[in-house]
Amino acid sequence: MAAEPSAASRPPADSTNHGFRVVVAWIALSVVATPLVAILVGRLFPPGNGSAQGTEQVLDNTVLLSVITPVVCLLAVFFVYGLRSFHAAPGAVVDGPPLRNDSRIQILWIVGTGVIVLFLAGFGTFELLQNGAGGGQGPNPIAVPGGSKLQVQVIGQQWQFTYRYPSLGGLESNQLVLPENTDVELHVTSLDVIHSFWAYELGVKADANPGSDNVAFVETKGPETFHVRCAELCGLWHGYMYNNGRVVSSAQFQSWASQQKKLYAAIAPFMNKSPADGGAPYSKTYLPLPSERAG
Ligand SMILES: [Cu+2]
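Counting from -9, one number per residue, gives the positions in the sequence shown under this note's numbering.
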């Protein structure tokens, strides 16, 4: 048990209101730092403004950053203030006064963190319900955007993605082409192992699992080229699973669709379409054939 410090070595009674000073410095720093950080750093957040969901993700990250900044400011102020005002005198080997508890700080801490967490949960739920999510919500999404949507099935397999357009007669393509300013409903699945469909600039990232129909939503904006990658290590040529997709004008989309339909009609009879042939007929989900499982 440590011996009580003698009266001579005990620090002198301090009448300075340290708490008030820390709070004033914290508020001053937070008022300056929070808008600066939100404006300067917020615009750098991924994935950018390539879709309504991408813009929402940037907003969500900016709100998170704005909430976190005052917390970091408090830690920084307290750290600097503590180092400056509470350090031991040179040469003195004295324990600081024991701090057992402080009910005011405990209550403030619990209320403060509780308010932050509840606010973020409420804000996140509100945002999710606005436009749905670019992240997969499973086969029965909770948040479904209203209005008509273009359905596209995304099928992962070792080692490429195939896109099926049910509204274009089940057209299949290895290119993801979407019309601008359109709500798109992506049904992400896999023929073999677990992949992850990641259309970066669109703010879409959804697991592609065999036997599962993973639904994700995206509302496109203007014409752009976006990157598509597999984001789940899926075998030897996982790194080969990248491609570019395009958002194009409605006229260009129609022209692309009719061109692809002609191409598809020419090759469809030669494509394996039965599981017995190693192919897969249209289905919402697939299970890997035992003979074709990863290995
Ligand atoms: Cu992969």
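We put the CB at the ideal spot given by N, CA and C, even for glycine.
Just mark Lys274 as buried or exposed, buried being the case when its beta carbon has 16 or more other beta carbons within 10 Å.
-> exposed
Compare the beta carbon distance of Met64 and Trp16 with 8 Å and say whether it is the shorter of the two.
-> The question names Met, but residue 64 is Leu in the sequence shown. Yes, Cβ-Cβ distance for Leu64 and Trp16 is below 8 Å.
Span separating the alpha-carbon of Asn7 from that of Val14 = 11 Å
So, Val208 versus Gln43, is the Cβ gap smaller than 8 Å?
-> yes
Report the rounded CA-to-CA distance for Val237 versus Leu176, giving the unit in angstroms.
-> 15 Å
Same chain, Cβ closer than 7 Å to Leu277, five either side skipped, listed in chain order | Pro200, Gly201
Starting from the Cα of Ser163, find the closest Cα among Val70, Tyr71, Lys252, Val21 and give me that residue.
-> Lys252
Please indicate yes or no: does the CB of His217 lie closer than 7 Å to some heavy atom of ligand 1?
-> no
Consider the C-beta atom of Glu222 and the heavy atoms of ligand 1; say whether any pair is separated by less than 7 Å.
-> yes
Is Asn204 helix, strand or coil when you go by DSSP?
-> strand
What did DSSP end up calling Trp227 once you bin it into helix, strand or coil?
-> coil
Where Ala284 falls, given that 16 or more other Cβ within 10 Å makes a residue buried | Because the pLDDT of Ala284 is 49, which lies under 50, any placement of that residue in the model is unreliable, and the number read from its coordinates should be weighed accordingly. Ala284 is exposed by the Cβ-count criterion.
Are the CB atoms of Leu140 and Thr172 nearer to each other than 8 Å?
-> yes
Counting only the same chain and skipping the five closest in sequence on each side, list residues whose C-beta sits under 6 Å from that of Ser5.
-> none
Cβ of His77 within 7 Å of any heavy atom in ligand 2?
-> As presented, the structure is devoid of ligand 2, carrying ligand 1 as its sole ligands.
Residues near Gln242 in its chain [Cβ-Cβ closer than 6 Å; skip 5 each side] | none
Buried or exposed by the 16-neighbour rule on C-beta atoms within 10 Å, applied to Val99 | At residue 99 the sequence reads Trp, which differs from the Val that was named. The residue in question, Trp99, is exposed, as its Cβ has fewer than 16 Cβ neighbours within 10 Å.
Could you tell me whether the Cβ atoms of Pro169 and Thr210 are closer together than 8 Å?
-> yes
Assign Gln165 to one of three DSSP states: helix, strand, or coil.
-> coil
Thinking Gly114 and Asp50 are a contact (beta carbons under 8 Å), I'd like their distance in whole angstroms, please.
-> 7 Å
If you scan the segment 116 to 189 from start to end, which runs of the beta strand (DSSP E) of 3 or more residues do you find wholly inside it?
-> 140 to 147, 150 to 155, 161 to 163, 167 to 169, 173 to 180, 185 to 189
Do the segment 135 to 149 and the segment 218 to 225 make contact, defined as three or more Cβ pairs closer than 8 Å?
-> yes
When we look at the beta-carbon of Val218 and count the other beta-carbons within 10 Å, is it buried (16 or more) or exposed?
-> buried
Identify the continuous beta strand (DSSP E) that holds Asp50 and give its terminal residues.
-> Here Asp50 belongs to no beta strand (DSSP E); instead the alpha helix (DSSP H) covers 42 to 75.
Measure the beta-carbon distance from Val133 to Leu119 and round it to whole angstroms, keeping in mind my assumption that it falls under 8 Å.
-> The residue asked about is misnamed: residue 133 is Ala in this sequence, not Val. Correct: roughly 5 Å between the Cβ atoms.
CB of His8 to nearest heavy atom of ligand 1: below 7 Å?
-> no
State yes or no: is the C-beta of Met231 within less than 8 Å of the C-beta of Phe116?
-> no
Spatial distance of Ser240 from Thr52 (CA atoms) | 32 Å
Drop a sphere of 10 angstroms on the beta-carbon of Ser138, count the other beta-carbons inside from all chains shown, and report buried for 16 or more, exposed for fewer.
-> exposed
Check Gly235 in the structure and name its three-state DSSP category.
-> strand
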